[in-house]
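The next block holds one structure in the form of C-alpha cells; read it before the comments.
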Amino acid sequence: MEKLGIITGYGLFGNNKVNPSWEAAKTFKDKIIVENGNTVYLDVEYFDVDYNIVKDTVNEKIYDKNPSFILHIGLNSTLKETLNFETSAYYTEEFDYDKEKKEICPTVLRTDIPWIIDLKNNIFCYSIDI
C-alpha cells in the first residue's frame, strides 16, 4: 500500500538565527520509507511562522494530496536532543502570536490520531544530524 506523509518545518522567529524544526524536517526531503508492505513517500514543507498561512496551506494540502499524516516539527528550547510526539500543543503568553503579531494560536491544539499514541508507547528511533 502506498501512502503520503507531509512533514513541516518552520522559519525564523524571535532572536533565532536557525530554526531547528526546519533543519530536522528538511532531512526527510525525498525520503521513501518501505516497511511491512507499505511504502510511505514523504513530502517536506517549509512555513513561515504565520498561523494564518499555515492553517490555510495545511487545509489545501489535505484536500489536494490527501496525506495519511501530517507531522509538524516544532521548536522547544527546553528539550535538547530528544524527539517528542505530542497529542496536544500548548502555547504560553510569551509565544501566543505569530511573527507578524497578527494571529493568535489557539490555546490547545489536539490530535485524535490513534497512531501517535502508539508511537509514543513504542521504541521509535530515527537518527538525524542537525
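Following this note's numbering, the numbering of the sequence shown begins with 1351 at its first residue and continues without gaps. Note that the Cβ used here is the ideal one computed from N, Cα and C, for glycine as well.
Nearest CA to the CA of residue i: which residue from the options?
i       : options                            : result
Ile1357 : Asn1386, Lys1379, Ile1383, Asn1388 : Lys1379
Tyr1360 : Val1394, Tyr1413, Ser1418          : Val1394
Glu1385 : Lys1353, Lys1376, Leu1421          : Lys1353
Val1399 : Met1351, Gly1355, Ile1423          : Ile1423
Gly1355 : Ile1382, Thr1377, Gly1387          : Ile1382
Using the three-state DSSP reduction, which class does residue i fall into: helix, strand or coil?
i       : result
Val1408 : helix
Ile1383 : strand
Phe1363 : coil
Asp1398 : coil
Ile1357 : strand
Ile1420 : strand
For the ligand FMN, is there a heavy atom less than 8 Å away from the beta-carbon of residue i?
i       : result
Phe1397 : By its list of ligands, the structure shown contains no ligand whatsoever, and the ligand FMN lies outside what it can speak to.
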